[in-house]
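Numbering (my numbering), first residue to last: 159 to 269.
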């Protein structure tokens, strides 16, 4: 896997994948339901790894990486279907956090 892919590259890759099917992207509410479902699966895996509720005997092994990938894929689908540039979205939220939370947390080396 090429580690130097940009967010735009990933959005285009997902779009090429989805565009090969007549059905295309799911409607927004259906994708929101899928995001919720995938977040639930990631939450369950985090609980199995870090929480007190362990897997049942015979329950399929999944990884945090796999579940995070599933969630990310659906998020990229949602962004693509709604014309959201994830690079711009992340840049905007980072600017907001850097401005709003600049003095909120103790920075390493400033104790």
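The beta-carbon is built from N, C-alpha and C at its ideal position, and this holds for glycine as well.
Predicted, not measured: the structure shown is a model, and the values here were computed from it.
Considering just the uninterrupted stretch of the alpha helix (DSSP H) at residue i, what are its terminal residues?
i: residue 186; result: 186 to 208
i: residue 238; result: 222 to 239
i: residue 175; result: 165 to 177
i: residue 250; result: 244 to 258
Any heavy atom of the ligand GDP closer than 6 Å to the CB of residue i?
i: residue 166; result: With respect to small molecules bound, the structure shown includes none, and the ligand GDP cannot be examined in it.
Classify residue i as buried or exposed, calling it buried when 16 or more other Cβ atoms lie within 10 Å of its own Cβ.
i: residue 187; result: exposed
i: residue 217; result: exposed
Since residue i contacts residue j with CB under 8 Å, what's their CB separation in whole angstroms?
i: residue 193; j: residue 229; result: 7 Å
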